[in-house]
Every structure is written in structure tokens, then in C-alpha cells.
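2 protein chains.
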Amino acid sequence: MNVHLDPFDRDFESIEAIADTISQILQCPVTIEDSNHRLLAYSTHAPDTDPVRIATIIGRRVPEHVISMLWREGIIQQIMDSQVPVLIDPIDSIGLNRRIAVAIRHHHDILGYIWVMDEHKGIDEQGLDDLNKASHAARSKLLQVQTQRRRREEQSFEFFWGMLTGSMDSEHRIVDRAHQLGITLPKSYRVMIIEFDTLLNEKLYEQVLYTILTAQRHRKVLHVRQEQRLLVLIDATDDDIDGHIAAWILLMERMQQRFGVKPVHLASGLSYSLYMDVVKSYQEAITVMNMKKHLPDETKHLHRYEELGWYRFLPAMIQERRARPMQHSSLSRLKAYDKEHQSGLVSTLSLFLQADCNVKRAAEMLHIHSNTLMYRLKRITDIGGIDLNDMEQKISLYLELKMDQWQS
Amino acid sequence: MNVHLDPFDRDFESIEAIADTISQILQCPVTIEDSNHRLLAYSTHAPDTDPVRIATIIGRRVPEHVISMLWREGIIQQIMDSQVPVLIDPIDSIGLNRRIAVAIRHHHDILGYIWVMDEHKGIDEQGLDDLNKASHAARSKLLQVQTQRRRREEQSFEFFWGMLTGSMDSEHRIVDRAHQLGITLPKSYRVMIIEFDTLLNEKLYEQVLYTILTAQRHRKVLHVRQEQRLLVLIDATDDDIDGHIAAWILLMERMQQRFGVKPVHLASGLSYSLYMDVVKSYQEAITVMNMKKHLPDETKHLHRYEELGWYRFLPAMIQERRARPMQHSSLSRLKAYDKEHQSGLVSTLSLFLQADCNVKRAAEMLHIHSNTLMYRLKRITDIGGIDLNDMEQKISLYLELKMDQWQS
DNA sequence: ATCCGCCTTGTGAATTTACACAAAGCGGAT
DNA sequence: ATCCGCTTTGTGTAAATTCACAAGGCGGAT
């Protein structure tokens, strides 16, 4: 066998075929992973294998603690930087035998890794060269698969976006299209918006999406990426909404720990069963999100549209107010006075109302003597011509103040 | 002058000409009135005249007290019933000299009256016959004038309706059209709806309109008649709104006294200067009217859109609620309890909130012991899971209850 | 009849709140 | 500096509100 024909100079029908070919040539177990250490393929007739490999194959991903270890030890970095296969010494503590790894790269991007278990140090120069060639072959295949996936993803984006914007004109149309795309739509769903504090670049997006997929046990999730937002169609069939949302919040926190990305806001619309209602759920989620922007204190601990309470009427009210701007005479007088004397009568009033008109409580919140508050209230009633024993007036003031707060 | 040619067998160029002709033949002063005793024409070269005639000519209408007297005495009735001229004896107390009157009738309708002052009893059979002929001539002329006025009225209806529905597409278009129709639009205006408790039939309509015109010193007023409503464009240039509305309320009461028609509701939109905004003012007036229908107690003493306070947001809120029906869990529990035990917890809560959460006041309004109310409140908080010391919750309940009240 | 849950009313004590008044700080105007 | 208006804080009292508890009425179920 002096004449060594390149066994990787052909078109492989699948990544598995590449793994098997490498394994056959090197007589070692082989696994191929993507850049996120998800299992893409593994050789089948492996003679012996180690615990890490078994766990990887079972979990369809390299176990978390192993990944952490490899990152900590700088091994991943080493593989990423090296143009040639890297030898890795065994790490007994995690059950990792000796192996050789090579990155599958395309320009400067890492598409994945090929791992070869090298129990018996049976790999020579020729073997390493073959491994390099294998890496190139894998690259072509991966790119091919990737573009396929991209195309399918794009179709799914388009589909979901169509649902979100209400441009799909009938229920069965939606169902048919989902079927075409191989997407199983949940019986009952909500639209959720996840907003981050930074732009969702390619890498971040991949990571976030991966976290979500993992949490959802790798069931496909319809989603669309926006500037700083990710729109997701979440399953609401089991009506354990609180638990569900709690899980998402946890997920977000985990994301923060891992990638340093903080999803600043979670907002979800109502749950519906008709797919034509995705628009509605989306609009509701947007409403919640806006509410969180404008009234952060009031909405700190809520995420779902149904938790908005009376605040859900605010947008409609504000629209009405904008259509017919009329100033609340009492409030405008108070505002004028505040401006003139730099006194916080309006804010005092606001907090007083917030505190259920309880003088003692409000005074404590303001860190002032209750008589001071009493004095201010007297000024407020005098200047504003307000009767604080009149529910109608208080409601009017409360709503008006909330709208002001929204608009400022 | 044995050959007596009929001097009324010709086409008169105006009603004045008829009056003059009669006057000339009979040698007496003559006035012609419409069915509402408004002056239509009077002879010019009258030799002598009485105080009533002078007042009529000056005021362009027979003085009120004279009309009342004539009705009371049954004289008007007599004239209306008689096919021939009626002789009326002088009534010194009101300064009415002896005169002869004949109705101008068309089928069974009375179009107006011809009055001839007959100081010297100088009218013979021939004169009475001439008077009858004059009445026929006046009929033709009046019908002619009436159809003209009708046509002009109809055009004005159409014009105003166009403004109300917003089908006029530009400001100068409106101004031009008004000019064409000889209508002077007020600099600033409001749309007002007057709703009656009965259908506005022809007669009623005439009467109401007449009352309004009288009150407006006979300046033309744009208006449209609907089933039970009259839509009016009222002048809001002088900003004495309260006095204005007060005047209208008085007017309505007067109407009630006179014709037994009760305008049940007055509702006015905001005042605007741009004529394109008539639509808005009309919509606002409708909103006020609806509010009065649905929340009569709350809106008993208000008529203008700007007086609605926070209630102006209710329609928008209700629309929102209808779009996404979600029940308030506390309230639905209370409602369920009420149904089960026929207890009025919800209404108690409603009144309690209305009374600014003042136990004493609310108990008095309910005619119950304050401890009874305390007990009920405890039940309400227990069953509904409500914290009545939380402004947010109270606002939510208050708004929800108002909406319920609207919809019921 | 008797029981039981639900509701209403009454009583009195504990607590809270409203209000009047005094004292004093602060900033601007004279 | 002095005055003045506005504001804050403290004190004490009168008024009110809240709350627990007792007593009794009412209607349905056993």
C-alpha cells in the first residue's frame, strides 16, 4: 500500500460516511461535532470507547462539565488556533481518554471539530495528514448541510413572520404551510418577546437559540430575530403558565451567566388556539413590552398580558387623549405651581394616591413628617381645587398621572 | 265701477304685493302672517294703525301675549275653522282694534293668516269676497315661497349632514358652499344633539325649530332632523359656555311647557374653529349622549364633552375589553357568590368605592349600620381576594365596575 | 323543632387620623 | 440686617375609624 490515494477526495453522502471513513483508516473511534459541541456524527464500528464518548453519543452533545473543562484548560482554544490536528492528553478525572482533535474551519469560522480517540498511539504522520484531509471534506459537507439548514430556517422565519404580521389569510393555509415545512404547531400557543440589552449578533443569536432549544428538549421552536429582540412562539398547551414563565426567567438568568447577555425583558401575549390569532398575541406582547419601557416600576414583576390588569387600557386611553388633547385643569395648575416654586406637589400627589391616600404610609415612603404631607395636601387641594375625598376626582387624577408618566 | 274685475287673478311678484293690493282695495291696513304668526308682509300706505300692529311689524312677529290671548279666547281656532273671513271685536286691554282675519289654507293645512284692520267697519260683502280671493292668491304665493324655502332647507340639511359625516373634503370647500347657500358659519362652533322623548314629527319639529330660532334672535342655525334627535351647530364664539348651555337648558324647559315635548338629553361636543372638525365635535356629542344613556346617574348634570372627565376614556376602554374579553377574577368570584346567595356584594363594593372607601358615608348611603358594611367588606376581601388598601386594585375594580355598568 | 351558616346591629375599647398651633429653617426682596 | 412668605417638624387634643365580641334574626337542611 505504498500508493496512498486520498480517500477523502470524493463526495460523501453524509457526515456519518466521513466519520466512518476516518475511523476505518485510523482504526479508531471518531466523533464529529459542530461548533457548539453538538454531536453531528460518530463512527459505528468502534472497538473500544471511553465514558465521555458514551455520554456524548447518548446525550447527542458533549457533557457540560467536559466542555467547561476543555475550555478552562485552553484545549478548545488550542484546537481552534491550530491548523493541524492537536494531541490531547487524557484527563482521568472526567473519564477522558487520549485523543486527537482537529477543527473544521471555513475561513476564520469554526464549523466544528473531529475527535479521534487515540487509545494506543497508533496514529502516524500519514494518519494526521489524512485527518487534515478529512477535516476539509467535512467542511464541504458541513457547509452544504449548513446552507440547507439556513434555507429551511429562512423559510421558517418567513412563515412565522407571516403569522406575526397577519399576512396569512386563512387558518388552513397556515396549517398546510407548517406541514410543508415540517413544523408541528402547538395546540395552544403564546407569542413571547425576549429583548436583550445588546444587539443580537450572529454568535449571540446562536447561543441564545441553543439555550432555548436545550430547555425545550430540542423540539423545534418557531422564532424570528429582530435587532435586539427574539420573537418566539411558545407552547401554551399545558396551562401551567406560571411555571412556564418561571422556567423562562430561569433560562434567561442562565443565559446571562453563560454568555453575559442579559435579556432585559420578557413579554408574552395571551394564549390562543387559532393560528390566525398569532397577530393578536404578538400585539399583546408588544403592549406588555411597551408598558415595561414606559412604566418600569409598575410592571417590574409581570411578563404576561393578562397580568397587566387595568394597565391594558392605557394605550387606548393615551390614543384617545392624543386625539383630543385637553388639559386637566387641576393638574396643570399644580404643574405650574411646581415649576414656579420648584415644589414637588404633583409627585407628592402621585405618591399619595399610589399609597391609597394613607397619610402615614405615604409620609413614610417620602421620608417626611406626616404633618408635612398634610400641609402639602392642603396646598394641593387649595391650589388644584381638588377634593381628595372624591373618588371620581382621584380616579381622574390617577389615570391622568399615569398617562403623563407614560408619555414622559 | 260696476264691472268688478278680480284684482287677485294674476301672478303677484311677492307677498308684499298681495298685502298692498288688499290694502288698496279695502282701504285698510293689512298684515300677512305665517302659521306661526311670524310677519310675512304688511301694507305700506296704511293710514292709521293700532299698537298691536306696530309691535308686530317692529318685532317681525305678533307679540307673545297677543298670541296667547287670541288662542285663549279661541279666536285663532275660529279663524282656522272658518272658510270665510272672521270678524274680531276689539280687545282694548291689549291694544287690539277691530279687525277681520282670514286663514290662508292649503287642503287642511294652515299656511298663514291675512289680517285687515277694520277701524271704520268699511268692508262690505264685496270686500269680504275680495279678501277670500286674496287668501287664494296668497296661498299660491306662500306655497311657492314654501317650496323655495324647503329646497333651500334641504340643501342646508345636506350641507350640514355632509359636514357631520365628514364627507366634505376640504376647508375652503365648506366655506364656499356655505357662502353659496347664504349661510354665515360661526367662527367657533359646537355640535349639539337635542334628543326628545318622542318622535320629531313635522309639527313638533316646526315648533322646536321656531323656539330655537326665537332664542337665537332669528339668526339662521344649521340643523338636521333625525328620528328623535335634532342636531344643531351652535355658535361658540363667545366663550361663555356655561351661560350658553344654561340658556339652552332653559330653552328646553320652555319647550316642555309650551308643547309638552321634553327634550330628554342635551349633549354637546367640543368647540372647534376648523369646519373640518365638525365630524369630531359630532362624534363627541354622540359620546356624551351614549354616556347619558348608559350611565345616567354619573352624567345627570353634565352636557358637554369636556365635562366628561375620565369617562371620556370609557368607550375606548370598552372597545379594548370587547376585543380581548378577560374576566376580573375577583369580580367574577364576587358575582358568583352574589348569584349563589343573592347577596349584593358587588353593588356594595361599587357603592363603597364610589363613596371614596369611607365606611361611614357608604353605610349611610346604603341605609345600613356601618358595622354591617364592615362585615360585608370583610366578606368581599375574603371571597374576592381583594385588598381594599391597595389603590391599584381599587382602580382596577372601579374601572371594571363602570364598564360592567355601561354594558348592562 | 333544632341546628347551622349567614347576615345585621349594637357596644366599647384601642388605635389612628385630622387638625390647630407653635417654633424654626430657608431663600428672596427691600 | 430685616422682613416675609413658604415650608418643615413637633406637640397635643379632639374626633374618627377600626376591631373584637356579643346578641339576635332569618332561612334552609336534617
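Chains as they are written, first to last, in this note's numbering: chain Y, 1 to 408; chain F, 1001 to 1408.
C-beta atoms are modelled at their ideal positions from N, C-alpha and C, and glycine is treated no differently.
Cβ-based burial, residue i [other Cβ within 10 Å; buried from 16]
i: VAL175(Y); result: exposed
i: MET1317(F); result: buried
i: THR1198(F); result: exposed
i: ARG372(Y); result: According to the sequence as given, residue 372(Y) is Thr; it is not Arg. Exposed, because fewer than 16 other Cβ atoms sit within 10 Å of the Cβ of THR372(Y).
i: ALA1236(F); result: buried
i: LEU250(Y); result: exposed
i: TYR375(Y); result: exposed
i: ASN201(Y); result: exposed
i: GLY74(Y); result: exposed
i: GLU64(Y); result: exposed
i: GLU284(Y); result: buried
i: MET403(Y); result: buried
i: SER347(Y); result: exposed
i: SER43(Y); result: buried
i: PRO296(Y); result: exposed
Closest by C-alpha distance to residue i, when choosing among the options
i: THR1056(F); options: GLY1074(F), PHE1352(F), PRO1029(F), GLN1078(F); result: PRO1029(F)
i: THR49(Y); options: HIS120(Y), TRP406(Y), LYS141(Y); result: HIS120(Y)
i: ARG10(Y); options: ARG139(Y), ASP297(Y), TYR189(Y); result: ARG139(Y)
i: LYS15(Y); options: PRO186(Y), LEU39(Y), GLN327(Y); result: Checking the sequence shown, residue 15(Y) turns out to be Ile, not Lys. Among PRO186(Y), LEU39(Y), GLN327(Y), the Cα nearest to that of ILE15(Y) belongs to LEU39(Y).
i: ILE25(Y); options: GLN78(Y), GLU400(Y), MET117(Y); result: MET117(Y)
i: SER1281(F); options: LEU1295(F), GLN1228(F), MET1291(F), GLU1306(F); result: GLU1306(F)
i: ALA1355(F); options: ARG333(Y), LEU388(Y), LEU351(Y); result: LEU388(Y)
i: LEU128(Y); options: GLN226(Y), LYS262(Y), ALA41(Y), PRO85(Y); result: PRO85(Y)
i: ARG1098(F); options: HIS1136(F), ARG1053(F), ARG1190(F), HIS1107(F); result: ARG1053(F)
i: VAL232(Y); options: MET168(Y), GLY344(Y), SER156(Y); result: SER156(Y)
i: SER332(Y); options: CYS357(Y), THR299(Y), GLU400(Y), ASN358(Y); result: GLU400(Y)
i: ASP169(Y); options: LEU213(Y), VAL278(Y), HIS301(Y), ARG361(Y); result: VAL278(Y)
i: HIS328(Y); options: SER396(Y), ASP297(Y), GLY269(Y), SER343(Y); result: SER396(Y)
i: ARG1072(F); options: ILE1091(F), PRO1186(F), ALA1017(F); result: ILE1091(F)
i: THR287(Y); options: SER43(Y), GLN78(Y), LEU164(Y), GLY269(Y); result: GLY269(Y)
9 Å Cβ cutoff, residue i in contact with chain Y
i: GLU1364(F); result: no
i: GLY1344(F); result: no
i: GLY1309(F); result: yes
i: TYR1398(F); result: yes
i: MET1326(F); result: yes
i: LYS1280(F); result: yes
i: LEU1270(F); result: yes
i: ARG1333(F); result: no
i: ARG1312(F); result: yes
i: GLU1154(F); result: no
Minimum Cβ-Cβ distance from residue i to chain F less than 9 Å
i: ILE395(Y); result: yes
i: ASN480(Y); result: The shown model of chain Y, from 1 to 408, leaves out residue 480(Y), and the question about it has no answer.
i: ASP356(Y); result: yes
i: LYS300(Y); result: no
i: MET409(Y); result: The displayed coordinates of chain Y run from 1 to 408. Any statement about residue 409(Y) would go beyond what the structure contains.
i: LEU373(Y); result: no
i: ARG321(Y); result: yes
i: TYR275(Y); result: no
Same chain, Cβ closer than 7 Å to residue i, five either side skipped, listed in chain order
i: GLN27(Y); result: GLY122
i: LEU230(Y); result: ILE194, LEU200, VAL208, HIS223
i: LYS1360(F); result: SER1370
i: TYR1210(F); result: ASN1036
Residues near residue i in its chain [Cβ-Cβ closer than 8 Å; skip 5 each side]
i: MET1289(F); result: ILE1193, GLU1195, HIS1265, ALA1267
i: GLN228(Y); result: GLU195, PHE196, ASP197, THR198, LEU199, LEU200
i: LEU302(Y); result: VAL288, LEU308
Close Cβ partners of residue i (< 6 Å) along its chain, the five nearest in sequence each way excluded
i: ILE1067(F); result: HIS1037
i: SER1188(F); result: ALA1236, THR1237, SER1271, SER1273
i: ARG1410(F); result: Since the first residue of chain F shown is 1001 and the last is 1408, residue 1410(F) is not available in this structure.
i: ALA363(Y); result: SER370, LEU373
i: PHE352(Y); result: ALA362
i: VAL1062(F); result: HIS1037, THR1056
i: ILE22(Y); result: VAL30, ALA134
Exercise. Could you name each continuous beta strand (DSSP E) segment of 3 residues or more that falls completely within the segment 52-93 of chain Y, going from the start of the chain to the end?
Key: Within the segment 52-93 of chain Y, the complete beta strand (DSSP E) runs of at least 3 residues are 86-88.
Self-check item: Complete runs of the beta strand (DSSP E) confined to the segment 1227-1255 of chain F [at least 3 residues]
Solution: Runs found: 1229-1235.
Exercise. Mind listing, in chain order, the continuous alpha helix (DSSP H) runs of no fewer than 4 residues lying wholly within the segment 88-169 of chain Y?
Key: Taken in chain order, the complete alpha helix (DSSP H) segments of 4 or more residues contained in the segment 88-169 of chain Y are 125-165.
Exercise. Output the residue ranges of the alpha helix (DSSP H) runs that lie fully inside the segment 163-207 of chain Y and measure 4 residues or longer, sorted by chain position.
Key: Those alpha helix (DSSP H) runs which fall completely within the segment 163-207 of chain Y and span 4+ residues are 171-180.
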